[in-house]
Each structure stands twice: as C-alpha cells, then as structure tokens.
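Numbering (UniProt numbering), first residue to last: 1 to 181.
Structure, rendered in structure tokens:
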C-alpha cells in the first residue's frame, strides 16, 4: 500500500480502499511537519482495524480536502478529542487519546473505511477550489470558520493544509495550503 501511494501525491493520510485494497487499514503521519525540511522526511503510522471508543462533545470546524477528490476542500465538523484503539504495523494493540488535527485525520481516514467521504459530512455551501482558497486572506478563512454553516453556497470552494504550510501562509497573510487526507 505504501509504495503504490508514494507514486501518488503525498498526503497527511490515506486509507487502503483509496488505493484499491479492501482492508480496514490506513496510514497517517506520525508527526506533523514543522518546516519545509520536515516535508522531505515524512513518516507514516500504520493503523489497522481502528475504532473510536469515545469522542468529546466539543467539536471543531475546519477545512478538509482529500486525495480522492483532488482540488477541493470543504468545512467539516469533527470531534475535538477522541479515544481510539487500533493495531499498529508491528501487531501491538494501541489505545490512545488524539486531540486536534491528529483526531481530525483519524476520523477522516476511518470514514473512508466505513464508506463515508468528507463530502458526505461537509457543511452545505462550503466547498471551495484549492486555488480560490489559497488566494484568500488568513483572516477571511478564520472568519469563515467562526461563522455557522452557510444557508446559501458561497461563490467559491475550499481545501486544508499541513501545519508547515499553514504557518507559512499565515505569516504571509494568505490562505492555508492544501491539506489532503
């Protein structure tokens, strides 16, 4: 699964069904890159037979993109914190709490294993093309996230970024780069 995926665009995570394998398995970054150099040495965690044992009532709204739907992003609500259980690539049973972005990625990839796409969970009217998203000012993106769901579609569509691109674009005052799961 890893070698087939490495021939495609690298992402934050990818589920086995996305590359044609009928397995309850996905890969997700072990650590989020903090700078451009980190992007050259990404390490992925194997997650087999994953389950969410508990989820916080607190939710976070953020943009998500997906390698299965290239070029677009949309706003999706996810539990801010989750208690998960899975088997790693070495056969060990792992039980851990994930918070923030890692929790979002885990939920996104688990959805793939259950036949759910981010488009199924996306807030109506929040889909945006990556080019339009990246041209947006940082403050405008934050304002969109603070608003509730839109009742009418916006004139554009949106995508999410790695923390490194996010930090860089924030400094430049522009939209986040793309986050592909």
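Note that beta-carbon positions come from the ideal geometry of N, C-alpha and C, so glycine has one too.
Residue 104 counts as buried, since no fewer than 16 other beta carbons sit within 10 angstroms of its beta carbon. For the 8 Å CB-CB criterion, residue 28 and residue 101 do not form a contact. If you check the CB distance, residue 49 and residue 86 come in under 8 Å. As computed with DSSP, residue 136 is found in no beta bridge at all.
Buried is the label assigned to residue 112, since at least 16 other Cβ atoms lie within 10 Å of its Cβ. Residue ranges of uninterrupted alpha helix (DSSP H) with 4 or more members are absent from the segment 31 to 104; none lies entirely inside it.
Assignment of residue 12 by DSSP, reduced to helix, strand and coil, places it in the coil class. By the Cβ neighbour-count rule, residue 148 is exposed, with fewer than 16 other Cβ atoms within 10 Å of its own. Between residue 94 and residue 136, the alpha-carbon positions lie close to 39 Å from each other. Sequence-distant partners of residue 59 (beyond 5 residues in either direction) whose C-beta falls short of 7 Å from its own C-beta, in its chain, are 77, 78, 79, 80.
In this structure the segment 32 to 42 does not lie against the segment 53 to 67, because fewer than three pairs of beta carbons, one per stretch, are closer than 8 Å.
For the pair residue 66 and residue 117, the CB atoms are nearer than the 8 Å cut-off. With a cutoff of 8 Å on beta-carbon distance, residue 133 and residue 45 are scored as not near each other. In this structure, 83 is the residue among 123, 83, 139 with its C-alpha nearest to the C-alpha of residue 54.
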